[in-house]
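See structure below.
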Amino acid sequence: MTREILPSSTMSAFQLASEKKARGETVYNFAAGDPALANHPAILEMTNKKASVGKVPYPPAEGILELREAFTNWINRTCQIDYKPDEAAVTCGGKFALYAILACYLNPGDEVLLIAPYYVTYPAIVTMLEGKSKVIMATPEKGWKISGKDIERHATTKTKFIFLNNASNPTGALYNYEEILDILTTTKKLGITVISDEVYSGLVYSQNEPFISCGRFPEFKENVFIVQSCSKNFAMSGWRVGFLLGDKSKLARIKAFQQQTTSGVSLLSQWGALGALLKADEVNLYVKTAFETRLKLFITTFNSLFSEKLDLPHSALYAFVPLPAMGINPAINSMELADTLIKEGNIATVPGEAFGVPGYLRFACSESEKEIEEGVRQLHKVIKKLY
Ligand code: PLP
50 MTREILPSST
60 MSAFQLASEK
70 KARGETVYNF
80 AAGDPALANH
90 PAILEMTNKK
100 ASVGKVPYPP
110 AEGILELREA
120 FTNWINRTCQ
130 IDYKPDEAAV
140 TCGGKFALYA
150 ILACYLNPGD
160 EVLLIAPYYV
170 TYPAIVTMLE
180 GKSKVIMATP
190 EKGWKISGKD
200 IERHATTKTK
210 FIFLNNASNP
220 TGALYNYEEI
230 LDILTTTKKL
240 GITVISDEVY
250 SGLVYSQNEP
260 FISCGRFPEF
270 KENVFIVQSC
280 SKNFAMSGWR
290 VGFLLGDKSK
300 LARIKAFQQQ
310 TTSGVSLLSQ
320 WGALGALLKA
330 DEVNLYVKTA
340 FETRLKLFIT
350 TFNSLFSEKL
360 DLPHSALYAF
370 VPLPAMGINP
380 AINSMELADT
390 LIKEGNIATV
400 PGEAFGVPGY
410 LRFACSESEK
420 EIEEGVRQLH
430 KVIKKLY
């Protein structure tokens with residue numbers, strides 16, 4: 050039997066944009082959430098220092114202790130949680146952490162709850178591992194969030210996991226203390242493990258809505274995996290360093306899985322991540338300031354050109370824009386719209402379908418301020434001409 054493996058739609062749009070760019074065309078890249086930001090010097094300094102010894106052996110598959118210590122120190126302090134270094138594994142990006150959990154614990158036919166709009170990789174991984182995705186639709190009216198009651202309505206005896214992405218790609222939604230507690234209480238009652246994808250925890254802009262980690266509730270530790278990453282919080286996407294936090298006994302199988310698959314993350318990358326984490330507040334502030342500025346610029350430029358006004362998302366680096374906000378008939382297929390925008394206007398976006406919610410386009414505000422501003426102007430011009 051051949052396993053079904055879907056290409057990532059965010060990556061496909063990104064690829065088309067890259068090809069056009071390589072041909073010398075001006076492309077406005079709103080497709081991939083790949084932070085276009087120079088690495089903070091602390092990252093490169095540590096990598097160079099450690100690499101100057103002249104030897105890069107196999108890494109420990111669970112990650113070097115120094116990095117797991119620096120990571121847990123940072124995450125415990127900033128998220129008010131309490132994980133020990135032996136409750137953490139270094140993974141090949143947050144993405145491999147997501148995969149590894151299901152590869153180790155999902156059986157064919159098991160159900161996994163997804164909350165739409167969801168990160169595009171969730172259903173792809175579930176399909177790859179012969180599980181069944183079951184989608185809970187969130188709505189803008191409820192801030193793109195779901196509750197324990199929604200979970201109860203969708204869960205069956207076969208439901209094993211739920212992916213909870215807080216802070217959210219693509220909506221920027223943030224769950225508060227009570228909402229997380231409600232979800233954790235319900236899932237524990239139903240025997241469902243929460244995979245809490247918190248890779249945007251360091252990119253939260255809302256003053257009165259702090260980020261709340263699922264790790265804040267130690268009584269639920271056995272029922273929760275937390276996925277973290279250096280890709281967004283420290284703008285280190287290409288270094289491929291992520292983290293998995295979880296109950297020590299459950300993590301043991303995942304660490305063994307890493308021994309037999311990736312053999313761990315390259316030491317060069319782990320050293321770079323160590324450089325970032327030893328100066329975590331400084332590096333994260335550098336990244337967060339850049340993305341808050343870019344996201345604000347997208348929203349203010351958009352609002353100055355289009356008649357419908359968008360609110361600033363609470364977190365992450367995306368604007369999830371409904372078609373009518375761009376003056377486009379909601380009956381128009383957003384996949385076709387995204388296709389037209391890249392082909393006719395050199396504007397790369399990702400259609401809402403990729404996240405399970407048609408009628409929207411996602412704009413990643415990861416490129417330079419100049420590119421973002423010019424890109425929104427180009428968007429307005431192309432839409433005015435074609436629609
Ligand atoms: N989770 C979410 C919600 C994401 O948006 C991404 C990347 O865009 C990831 C996980 C994976 O990130 P990485 O593998 O680069 O750490």
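Read in order, the letters of the sequence shown correspond to residues 50 to 436 in the numbering used here. Ideal Cβ placement from N, Cα and C applies to all residues, glycine included.
| Query | Result |
| --- | --- |
| beta-carbon residue 279 near the ligand PLP non-hydrogen atom, thresh 8 Å | yes |
| Residue 86, DSSP secondary structure in three states | coil |
| 9 Å Cβ cutoff met for residue 250 and residue 343 | no |
| Environment of residue 148 [buried if 16+ CB atoms lie within 10 Å] | buried |
| Residue of 116, 199, 86, 289 minimising C-alpha distance to residue 146 | 289 |
| Integer Cβ distance of residue 242 from residue 369, believed to fall under 8 Å | With a Cβ gap of about 27 Å, residue 242 and residue 369 do not count as contacting. |
| Beta-carbon proximity of residue 431 to residue 394, cut-off 9 Å | yes |
| At least 3 beta-carbon pairs within less than 8 Å: the segment 154-171 vs the segment 195-208 | yes |
| Neighbourhood of residue 197 by C-beta, 6 Å cutoff - its chain only, sequence neighbours within 5 removed | 231, 232, 235 |
| Selected residue, minimal CA-CA separation from residue 86, among 384, 126, 335 | 335 |
| Proximity winner among 71, 80, 72, relative to residue 390 (alpha-carbon distances) | 80 |
| Endpoints, the beta strand (DSSP E) within which residue 395 is located | Careful: residue 395 lies outside any beta strand (DSSP E) and carries neither H nor E. |
| Rounded separation between residue 94 and residue 329 - CA only | 14 Å |
| Member of 191, 294, 337, 189 whose CA lies at the smallest distance from the CA of residue 254 | 337 |
| Residue 188: CB within 8 Å of a non-hydrogen atom of the ligand PLP | no |
| Alpha-carbon spacing of residue 135 relative to residue 124, whole angstroms | 14 Å |
| 6 Å Cβ shell around residue 66 - same chain, five flanking residues per side excluded | 76, 78, 80, 397 |
| Residues sharing a beta bridge with residue 181, DSSP | 160 |
| Cross-strand partners of residue 246 (DSSP beta bridge) | 214, 276 |
| Ranges of the alpha helix (DSSP H) found wholly within the segment 111-151, counting only runs of at least 4 | 114-128 |
| CB-CB length for residue 166 against residue 406, believed under 8 Å | 4 Å |
| Limits of the alpha helix (DSSP H) - the one that residue 424 falls within | 418-435 |
| Residue 337 Cβ short of 8 Å to the ligand PLP heavy atom set | no |
| Heavy atom of the ligand PLP within 8 Å of residue 311 beta-carbon | no |
| DSSP bridge partner residues for residue 411 (one or two, in chain order) | 369, 399 |
| According to DSSP, residues forming a beta bridge with residue 253 | 364 |
| Rounded separation between residue 306 and residue 332 - CA only | 31 Å |
| Reduced DSSP category for residue 78 - H, G, I as helix; E, B as strand; rest coil | strand |
| Pair within 9 Å by beta-carbon distance, residue 440 and residue 247 | Any answer about residue 440 is impossible in this case: the structure gives the chain only from 50 up to 436. |
| Residue 248: CB within 8 Å of a non-hydrogen atom of the ligand PLP | yes |
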